[in-house]
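Read left to right, the sequence shown gives residues 133 to 445 (our numbering).
From the three backbone atoms N, C-alpha and C, an ideal C-beta is built for every residue, glycine too.
Below is one structure, written out as structure tokens; comments come after it.
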Amino acid sequence: MRAISGAALQATLDEITAEMRAATERGRVANYIPPLAAVPDSRFGIAVVLGTGEVHVAGDADEAFSIQSISKVFALTLALGAVGDQLWNRVGREPSGSAFNSIVQLETEHGIPRNPFINAGAIVVCDVLLGRLQPREAIGQLLRFVRELAGDDTIAIDESVARAEQDTGFTNRALANYMRAFGNIHGEVELVLGTYFHFCALAMSCRQLAMAGRYLMAGGISDGHRVITDKRARRINAVMMSCGQYDNSGDFAYRIGLPGKSGVGGGILAVAPGIASIAVWSPGLNPSGNSQLGQMALERLVQRTGWSVFEPR
Ligand code: GLU
133 MRAISGAALQ
143 ATLDEITAEM
153 RAATERGRVA
163 NYIPPLAAVP
173 DSRFGIAVVL
183 GTGEVHVAGD
193 ADEAFSIQSI
203 SKVFALTLAL
213 GAVGDQLWNR
223 VGREPSGSAF
233 NSIVQLETEH
243 GIPRNPFINA
253 GAIVVCDVLL
263 GRLQPREAIG
273 QLLRFVRELA
283 GDDTIAIDES
293 VARAEQDTGF
303 TNRALANYMR
313 AFGNIHGEVE
323 LVLGTYFHFC
333 ALAMSCRQLA
343 MAGRYLMAGG
353 ISDGHRVITD
363 KRARRINAVM
373 MSCGQYDNSG
383 DFAYRIGLPG
393 KSGVGGGILA
403 VAPGIASIAV
413 WSPGLNPSGN
423 SQLGQMALER
433 LVQRTGWSVF
443 EPR
């Protein structure tokens, strides 16, 4: 790994932002709900929090966007805290090779989703959290958790996104009911989904997201406080590396080489363990549902910094 000064890192982020602003192939903004379809594809932001605590941002790094599936990382962290490794009896940790909302594997695999980062897996994670809490409490717990991780009490859930998810979530309803038929959803389907939709509707900026990801960069520690054990942080990073970009996870590992989790709002949280927590946002998606420019920006950042986990340290 090459050492990089704060000034050089800032210059690199500014340079990448200028390149992304000029890009013509920007992907397609998610349009399954109006609040996401309304986001202009011109947006691009990036934030990097270093292990030293130094923060560097560029572009639209302070504009809040819908983090969508990135919330699956925080929900997984809470569920592992609640029930420990027993969670893995109800959800796997293998890449799915399928779309984020695919139902096909669930039949042959008896209602056990491949991993916690596809929709079916995250719905099981919500059900696990609801084993101990009412929906309102589980949503409040997640919100408090990300606020604390980011050190920012202004983070909120966008109720218009939650409502739109609720109104259009037919596939998620099918997934949840199907898993319920296999006995892998224990609670009432509508309550589990209501919780899941609110998790998806968390709105955060790149700066807030990169701050929230510090515990994954720093062996489970955020701001001097232990959030989870170092072993658990390593393992969450491993699942992010193998499963964090839907059916595009292998390519992401190949091109970028960092644990990462994307969302259909166009955000990606990526972690360079021991070095940096990185958040990038650009709403145009590639055909797998991952931010087109977000991935390109991360690829360039990693090339210019040597931060891939596969780089000799
Ligand atoms: N709210 C989306 C859904 O459940 C989340 C999709 C995503 O970011 O992967 O369909």
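Check whether V359 and L275 have beta carbons under 8 Å apart | For the pair V359 and L275, the CB atoms are not nearer than the 8 Å cut-off.
7 Å Cβ shell around L208 - same chain, five flanking residues per side excluded = Excluding sequence neighbours, L208 sits near P248, V257, I368.
Cβ pair count under 8 Å reaching 3, the region 155-166 against the region 295-313 | Yes: at least three Cβ pairs fall under 8 Å.
Contact between the region 373-386 and the region 415-434: three or more CB pairs below 8 Å?
-> yes
State the DSSP-derived secondary structure class of W220, mapped to helix, strand or coil.
-> helix
Own chain residues within Cβ distance below 7 Å of Y310, not counting five before or after = I235, L238, G243
Which full runs of the beta strand (DSSP E) of 3+ residues lie inside the region 183-265, going along the chain?
-> 187-191
Identify the continuous beta strand (DSSP E) that holds L390 and give its terminal residues.
-> Unbroken run through L390: none, as it is neither H nor E.
Beta-carbon proximity list for D173, same chain, < 6 Å, skipping 5 on both sides = R158, V161, P415, G416
Which ranges does the beta strand (DSSP E) cover as unbroken runs of at least 3 residues, wholly within the region 147-185, from first to last along the chain?
-> 177-182
Beta carbon of L219, beta carbon of A408: below 8 Å?
-> no
Hey, would you say V215 sits closer than 8 Å to I410, going by beta carbons?
-> Their beta carbons are not under 8 Å apart, which means V215 does not touch I410 by this criterion.
Under a Cβ-count criterion, where at least 16 other Cβ atoms within 10 Å of its own Cβ denotes burial, should P444 be classed as buried or exposed?
-> exposed
Give a single yes or no on whether E297 has its beta carbon closer than 7 Å to a heavy atom of the ligand GLU.
-> yes
Apart from the five residues just before and just after R312, which ones in its own chain have a Cβ nearer than 7 Å to its Cβ?
-> V321
Under a CB-based cut-off of 8 Å, is G399 close to chain B?
-> In the displayed structure, chain B is absent; only one protein chain is listed.
Give a single yes or no on whether N233 has its beta carbon closer than 7 Å to a heavy atom of the ligand GLU.
-> For the ligand GLU, at least one heavy atom lies less than 7 Å from the Cβ of N233.
Answer yes or no: the CB of C375 versus the heavy atoms of the ligand FMN, is any distance below 7 Å?
-> For the structure depicted, the ligand FMN is absent and the ligand set comprises only the ligand GLU.
Confirm the yes/no value for this check: CB of G395, any heavy atom of the ligand GLU, distance under 7 Å.
-> Relative to the ligand GLU, the nearest heavy atom lies less than 7 Å away from the CB of G395.
On the three-state DSSP scale, how would you describe S452?
-> Nothing can be reported for residue 452: it is not among the residues displayed for the chain, which extend from 133 to 445.
Note down, in chain order, each residue of its chain lying with its Cβ closer than 7 Å to the Cβ of G352, except the 5 sequence neighbours on either side.
-> R358, V359, I360, T361, D362, R364, A365
Indicate, with yes or no, if the ligand GLU has a heavy atom lying under 7 Å from the CB of C258.
-> No, the beta carbon of C258 sits no closer than 7 Å to any heavy atom of the ligand GLU.
Q340 Cβ short of 7 Å to the ligand GLU heavy atom set = no
Shortest alpha-carbon distance to W413 belongs to which of S420, L401, P405, G406?
-> L401
Among all the DSSP beta bridges, which residues are the ones paired with H357?
-> DSSP, once it has assigned bridges, lists S354 as partnering H357.
Just to check, is the beta-carbon of Q237 closer than 7 Å to a non-hydrogen atom of the ligand GLU?
-> no
Return the first residue and the last residue of the alpha helix (DSSP H) that P278 is part of.
-> Just to set this straight, residue 278 is Val in the shown sequence, not Pro. Counting along the chain, the alpha helix (DSSP H) containing V278 begins and ends at 267-282.
Which partner residues of G301 appear in the DSSP bridge assignment?
-> Answer is none; G301 lacks a bridge partner.
Use the C-beta contact count for A150: other C-beta atoms within 10 angstroms, 16 or more gives buried, fewer gives exposed.
-> A150 counts as exposed, since fewer than 16 other beta carbons sit within 10 angstroms of its beta carbon.
Backbone CA spacing between A288 and A139 [nearest angstrom] | 32 Å
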